Amino acid sequence: MAWITKNSAGMKIPRRSEPYLTEALKSELTRTILPRYETRRGALLPTLHAVQHEWGWIPWQALEEVAAFLNVAPAEAWDTASFYEEFWLQPKGTNVIAVCRSIACEVCDHKKITQACKEKLGIEVGETTDDGKFTLVELECLGLCEGAPACLVNEDMHMCATPESITKAIDQAKNAPSHGHGHHH
Ligand code: FES
Numbered sequence: 055m056a057w058i059t060k061n062s063a064g065m066k067i068p069r070r071s072e073p074y075l076t077e078a079l080k081s082e083l084t085r086t087i088l089p090r091y092e093t094r095r096g097a098l099l100p101t102l103h104a105v106q107h108e109w110g111w112i113p114w115q116a117l118e119e120v121a122a123f124l125n126v127a128p129a130e131a132w133d134t135a136s137f138y139e140e141f142w143l144q145p146k147g148t149n150v151i152a153v154c155r156s157i158a159c160e161v162c163d164h165k166k167i168t169q170a171c172k173e174k175l176g177i178e179v180g181e182t183t184d185d186g187k188f189t190l191v192e193l194e195c196l197g198l199c200e201g202a203p204a205c206l207v208n209e210d211m212h213m214c215a216t217p218e219s220i221t222k223a224i225d226q227a228k229n230a231p232s233h234g235h236g237h238h239h
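Residue numbers (this note's numbering): 55 to 239.
Written out as C-alpha cells, the structure reads:
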C-alpha cells in the first residue's frame, strides 16, 4: 500500500498585493453591518457573505483580511467559512452544475449523472474547468426528490436527469450568453 503524504507545511498560499477586503468594502461594512452586532466578531457571517458577493468566492488571503478586520483568529474565519456549504473557498466557474447526492437521488443512481458530468467536463467533483466555465459539485437534497435524480444547472432545476439530458444541459449552458454568475475583476 502506498501512502501519499500531503505537504501541508509547504503549502503555498497565493497572495496578491491588492486586498480582497477593499477600503470600499470595509467602509460599507462599517456603515451598514457592524452597527447591527454587539461585537465585531458577531459580523463574521455577513462579512464573509459580502466578500463572496464581491469576488464570487473567498480566497484564503481574504479570510485573513476578514479575520484582521473583525479581530478574530484566521482559523476561526476558516472554520466558519468551511462549515457552510454556501461559501466557496475555491474559485467558482461561470456555470455551476450541482448534482444531488441525497437518498432519493442516490437510490435513482445519481452517480451516473455525476459520472456523465465528470466525463463531459473533464473534471472531478469540486473542481472547475481550466477555462473557468464550469464547476461541478454534489449537494445534499435539493428539494426535488420527486424528480430524482435531480440536479441544478445554475438556477435551472433539472429533474429525472439522464446522462444524455445533463450532457445536453451542459452544452446549452456553454453556449448561453453569460448569466451574471461570473465575477470578472
Ligand atoms: S434527495 Fe435529491 S432532490 Fe431530494
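Ideal Cβ placement from N, Cα and C applies to all residues, glycine included. Since we're looking at a predicted model, the values are computed, not measured.
Within the region 168-233, the complete alpha helix (DSSP H) runs of at least 4 residues fall at 217-229.
Cysteine 154 is bridged by DSSP to Leu193.
By the beta-carbon neighbour count (other beta carbons within 10 angstroms, threshold 16), glutamine 226 is exposed.
Its Cα nearest to that of isoleucine 151, the residue Leu175 stands out among Asp133, Asp163, Val105 and Leu175.
Inclusion of glycine 197 in the 8 Å shell around the ligand FES follows from its C-beta lying nearer than that to a non-hydrogen atom of the ligand. Under DSSP, asparagine 149 forms a beta bridge with Phe188. Judged by their CB atoms, proline 68 and glutamate 119 are not nearer to each other than the 9 Å cut-off.
In its chain, beyond the 5 residues on either side, Ala97, Pro100, Thr101 and Ala104 have a beta carbon closer than 8 Å to the beta carbon of isoleucine 87. The C-alpha of alanine 135 lies about 31 Å from the C-alpha of cysteine 162. Just measuring C-alpha positions, the residue of Pro217, Pro128, Phe123 and Phe141 sitting nearest histidine 164 is Pro217. Taking C-beta separations shorter than 7 Å and ignoring five residues to either side along the sequence, the partners of alanine 223 in its chain run Val207 and His212, following chain order.
Take tryptophan 132, set aside five residues on each side of it, and the residues of its chain with a beta-carbon closer than 7 Å to its own are Leu117, in chain order.
Excluding sequence positions up to five before and after lysine 172, its CB lies within less than 8 Å of the CB of Glu178, Val179 and Leu190, all in the same chain and listed in chain order.
In this structure, the beta-carbon distance from cysteine 205 to alanine 215 falls below 9 Å. In this chain, the alpha helix (DSSP H) harbouring alanine 129 covers 128-137. The distance from the Cβ of serine 156 to that of cysteine 195 is about 4 Å, consistent with a contact at the 8 Å cut-off. Straight across, the Cα-Cα distance linking alanine 230 with asparagine 149 is about 10 Å. For the ligand FES, no non-hydrogen atom lies closer than 8 Å to the CB of isoleucine 167. Proximity of the beta carbon of glutamate 108 to the ligand FES is not indicated: no heavy atom of the ligand is located closer than 8 Å.
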